[in-house]
Amino acid sequence: FSPDGNRIVSGSSDKTIRLWDASSGQQILSLEGHLSFVTSVQFSPDGNKIVSGSFDKTIRLWDASSGKRIQSLKGHSIYVNSVQFLPDGNKIVSGSADKTIRLRDASSGKQIQCLEGHSLNVTSVTFSPDGNKIVSSSDDETIRLHDSFSARVARTSDSILVVDDRKFLSDLQDKKSLWKCIWQGGVQSTGLSLKGSTWKDAKD
């Protein structure tokens, strides 16, 4: 959803990104340019831009009003799984099958940091609500908590239950917890400190 809730953005294996009116369901725009599957899309916090990641190894920035491509960002050596804006919109984080997480300036596209440490495909990345930390999950069965400014790994948790080959990770508004959704495996939560914590089934 766009921040105002009026639009929906989708990415597809047909290589396109589409914008939809959330009320009527009518298509507003079709954004083309990626050379392979679009794996991840998100509106910027102000709703003016869209960031996308793809199997073509690139990250692209788009004007959400006109649909025009603003930038095409390269750097990952294998496909991009996950992209997200910093809550203030100034930075973009991406996670890739090349095992790295990359932090970029959202205006210039310049790479700020390359975070390494995962031993397999990085499946998901997200910022904490205050933007000070990046959380990543990987096929190496770990979750890592990174400092957004120093690139230091603050915590590593190896308590992921692998039920299938797809996982989703997200933080909570209270800045104290993480939620993990596992394909065919329900929803679980743990403390954000990851200090000796275990995953527990989330309550309704």
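FYI, in my numbering the residues of the sequence shown are 1 to 204.
Where a beta carbon is used, it is the ideal one built from N, C-alpha and C, also for glycine.
All values derive from a computational prediction rather than experimental measurement.
With a CB to CB cut of under 7 Å and the five nearest residues on each side skipped, what residues in its chain are close to residue i?
i, result
"ILE78", "LYS57, SER96, ALA97 and ASP98"
"VAL162", "Its pLDDT being 38, under 50, VAL162 is placed unreliably by the model, and nothing is read from it."
"ASP158", "Interpretation of ASP158 is limited by its pLDDT of 45, a score under 50 that renders its predicted location unreliable; the figure taken from the coordinates is listed afterwards. So the list reads GLU141 and THR142, once near-sequence residues are dropped."
Residues bridged to residue i by DSSP?
i, result
"ASP105", "LYS91"
"THR126", "VAL135"
"PHE55", "Looking at the DSSP assignment, PHE55 forms no beta bridge with any residue, so it has no partner."
"ILE17", "GLY11 and LEU31"
Restricting to Cα atoms, I'd like to know which of the options is closest to residue i.
i, options, result
"THR39", "VAL135, LEU29 and GLY53", "GLY53"
"GLY11", "LEU29, ASP105 and GLY5", "LEU29"
"GLN113", "ASN90, ASN121 and ARG102", "ARG102"
"SER137", "ILE70, LEU145 and SER66", "LEU145"
"GLY25", "ARG60, ASP105, ARG7 and SER107", "ARG7"
"ALA219", "VAL9, GLY33 and ASN48", "The first residue shown for the chain is 1 and the last is 204, placing residue 219 beyond what the model contains."
Could you have a look at residue i and say whether DSSP puts it in helix, strand or coil?
i, result
"SER148", "coil"
"PHE37", "coil"
"ASP8", "Sequence check: residue 8 is Ile here, not Asp. Strand."
"VAL135", "strand"
"GLN111", "strand"
"GLN26", "coil"
How far does the beta strand (DSSP E) with residue i in it extend, from its first residue to its last?
i, result
"ILE70", "69-73"
"SER66", "Segment: none, SER66 is in no beta strand (DSSP E) and carries neither H nor E."
So, at 8 Å on beta carbons, what are the nonlocal neighbours of residue i in its own chain, with the 5 sequence-adjacent residues on each side left out?
i, result
"GLY5", "ALA22"
Excluding the 5 residues flanking residue i on each side, which residues of the same chain have their C-beta closer than 6 Å to its C-beta?
i, result
"LEU172", "With a pLDDT of only 43 at LEU172, under 50, the local geometry of the prediction cannot be trusted, and no value is derived from it."
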